[in-house]
Amino acid sequence: MSTHWALRLIHSLYIAFMTLAAWVRRRKRRQPKPLEAQRSKIPKHLCLNLVAHNDMPTEEIERAFLQCVQSVTAWCQVLGIETLTVYDRHGVVYGCSEETHRRVFLVNETSEDSCDSELEYPLTPPLSDSSGSRSHSPEHATFPADLNMITMMHLSRLRKRRNVAVRRQPRGVSSAFSHLTLHIVSRASGKPAIVSVSRSLLRSCISGASMSDGATPSISPYNMTVAKLAIVLEAGLPPLDLMIIHHIGGMKMPYPPIEFHGFPPWQNTLAEFHRTHPDDCHFDPSRPGLLDTPVLISETAFRRALDEYSGADFRLGK
C-alpha cells in the first residue's frame, strides 16, 4: 500500500513540475516583431492552410475559416504581400467564395477612413475560376485544364509607408497601391487536377494526330516531360514561399507531425512551413464558454511565422 501511495505522489509531483515548466516556457517565449517591423525578406506568395476537426459543426468551421481568411488578408495588404492562397482539405472556403469575396474585399473597403474613400479605386474584378486565372500564352492555351481553383484580385491604396524589406514592384504599378491576388483551393486542386491536366494533354495529342481527311491517325508514343507538366500546373497556382498551417480545433500534446492535408505537392518545392502554436492563438470571442469554440489565428502567430521566414537560410541547392 505504501508503494502505491508513493507512486501516486511521484506522479502528482511530476504533473505539477511539467505544468510549471510549461508555464515558465510560455512566459519566457519571446514575442515576435511588430507586423510592420523591418525584416530581411517577406514572402511574395503566402499560403494559409486551414485544418478543422471532423467532429466540429460545419457552421462553426465555416465561420472560423472566414474570420481567419479575413484577418490574414488584411495583414497581407498591410505588408504588400502579392499573392495569398487559402487552402482547406474539404473545400469549405471554396464553397462559400461569394461570402469570402464580400468579407475580404468589400468589407475592408467600407472600413477605410474618409481620406482613402475619396480616391477612385479600380473596381474589384468579379470572381473567376481557374480558366480565367491561367496565362494566355500559347503553351497554356494549348492544354486547357480545370485546376479547381477560384481567383480574386484586388487593388487598394496603402495607408502609410511600409517599414519592411519588400522586393521590387512590377513596372507600371504605383507604390501607393497594394495589389493582392487571392487563390482559393482545396484537395480537388491536387491529384484531381493532375488527372484533368493529363486528360487535356491526351486529348490535345489525339486531336493533333488526327488527319484532315478523316483517315485513322497514326498512333505514336507520347512523351510528356516534367517541365511541360509543370508549366500547366503552375500556370494558375505558382509555387509558394511560405505556408502557415493553422488548426482551428487546437492541438493536444504531444503535437502531431506537420501535415499538408492534401495540398498540391508541386507548389512546395522551395517553400518554408510554419504551424501556429496554441499559445499564440486565441478563441473566437463570439462563441465564449463553448467546448467546441474554434481557435482563430492571431496577429502574434502571423508575425512569428514572418520572423521564422525572415531568418530562414535559402541555399537553393548550393
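full-length UniProt numbering puts the first residue of the sequence shown at 1, with every later residue one more than the last. C-beta atoms are modelled at their ideal positions from N, C-alpha and C, and glycine is treated no differently.
Quick check: the segment 28-46 against the segment 81-98, are at least 3 beta-carbon pairs closer than 8 Å? The segment 81-98 is in contact with the segment 28-46.
Specify whether the segment 268-277 and the segment 190-210 touch according to this definition: at least 3 beta carbon pairs, one from each stretch, less than 8 Å apart. No, the segment 268-277 is not in contact with the segment 190-210.
Determine the extent of the beta strand (DSSP E) in which LEU48 is found, giving its start and end residues. Locating residue 48 in the sequence shown gives position 48, where the first residue counts as 1. Bounds of the beta strand (DSSP E) holding LEU48 are 45-51.
Please go through the same chain and pick out, in chain order, the residues whose beta-carbon is closer than 6 Å to the beta-carbon of VAL72, but skip the five residues on each side of it. Along the sequence shown, one-based indexing puts residue 72 at 72. Excluding positions up to five away in sequence, the list reads LEU48.
Contained beta strand (DSSP E) runs [length at least 3] in the segment 254-287, N- to C-terminal order: The qualifying runs are 272-275.
For ASN5 versus PHE302, is the C-beta distance shorter than 8 Å? By one-based count along the sequence shown, residue 5 stands at place 5. By one-based count along the sequence shown, residue 302 stands at place 302. Inspection of the sequence shows that residue 5 is occupied by Trp rather than by Asn. For TRP5 and PHE302, no; Cβs fall outside 8 Å.
Limits of the unbroken alpha helix (DSSP H) element including THR58: The residue you call residue 58 lines up with position 58 of the sequence shown. THR58: member of the alpha helix (DSSP H) spanning 58-79, first to last residue.
Exposed or buried, which one is PRO254 when buried takes at least 16 other CB atoms within 10 Å? In the sequence shown, residue 254 corresponds to position 254, counting from 1. Label assigned to PRO254: exposed.
Mark SER196 as exposed unless 16 or more other C-beta atoms lie within 10 angstroms of its C-beta, in which case mark it buried. Working through the sequence shown from its first residue, we reach residue 196 at position 196. It counts as buried.
Suppose you measure from the CA of ARG63 to the CA of PRO294; what does that come to, to the nearest Å? Numbered from its first residue, the sequence shown carries residue 63 at position 63. Numbered from its first residue, the sequence shown carries residue 294 at position 294. One Cα belongs to ARG63, the other to PRO294, and the distance between them is close to 9 Å.
From the DSSP output, in three-state form, read off ASP313 for me. Residue mapping note: residue 313 aligns to position 313 of the sequence shown, counting from 1. ASP313: coil per DSSP, three-state reduction.
I'd like to check one pair, THR151 with HIS183: are the Cβ atoms closer than 8 Å? As a first step, residue 183 must be located in the sequence shown, where it is residue number 183. As a first step, residue 151 must be located in the sequence shown, where it is residue number 151. Yes, they are a contact pair.
Thinking C-alpha only, which one of HIS154, GLN38, THR300, GLU59 is nearest LEU106? Residue 106 sits at position 106 when you count from the first residue of the sequence shown. Ranking the options by Cα distance to LEU106, first place goes to HIS154.
Quick check on this structure: which residue in VAL78, ARG89, LEU79, ILE42 has the alpha carbon closest to the alpha carbon of PHE65? For the purposes of this step, residue 65 is taken as the residue at position 65 of the sequence shown. Just measuring C-alpha positions, the residue of VAL78, ARG89, LEU79, ILE42 sitting nearest PHE65 is ARG89.
Go ahead and pull the three-state DSSP assignment for ASP241. Counted from its first residue, the sequence shown places residue 241 at position 241. In the structure shown, ASP241 sits in coil (DSSP, three-state: anything other than H, G, I, E or B).
Residue from MET251, CYS205, ALA193, GLN67 with nearest C-alpha to PRO264: Taking the sequence shown and counting its residues from 1, the one referred to as residue 264 is at position 264. From the listed residues MET251, CYS205, ALA193, GLN67, the smallest Cα separation to PRO264 is found for ALA193.
Roughly how many angstroms separate the alpha carbons of LEU50 and ILE248, rounded to a whole number? The sequence position of residue 50 within the sequence shown is 50, counting from 1. The sequence position of residue 248 within the sequence shown is 248, counting from 1. Straight through space, the alpha carbons of ILE248 and LEU50 are spaced by roughly 7 Å.
Measuring straight from C-alpha to C-alpha, what distance separates SER200 and ASN148? To locate residue 200, count along the sequence shown from 1; it is residue 200. To locate residue 148, count along the sequence shown from 1; it is residue 148. Straight-line Cα distance between these residues: approximately 14 Å.
Whole angstroms is fine: what's the gap from ARG39's alpha carbon to SER310's? Translated into the one-based positions of the sequence shown, residue 39 becomes position 39. Translated into the one-based positions of the sequence shown, residue 310 becomes position 310. Note on geometry: alpha-carbon atoms of ARG39 and SER310 lie some 6 Å from one another.
Could you work out which residue in TYR14, ILE10, ILE15, PRO34 is closest to THR300 when comparing CA atoms only? Working through the sequence shown from its first residue, we reach residue 300 at position 300. The shortest C-alpha to C-alpha distance from THR300 to any of TYR14, ILE10, ILE15, PRO34 is the one to PRO34.
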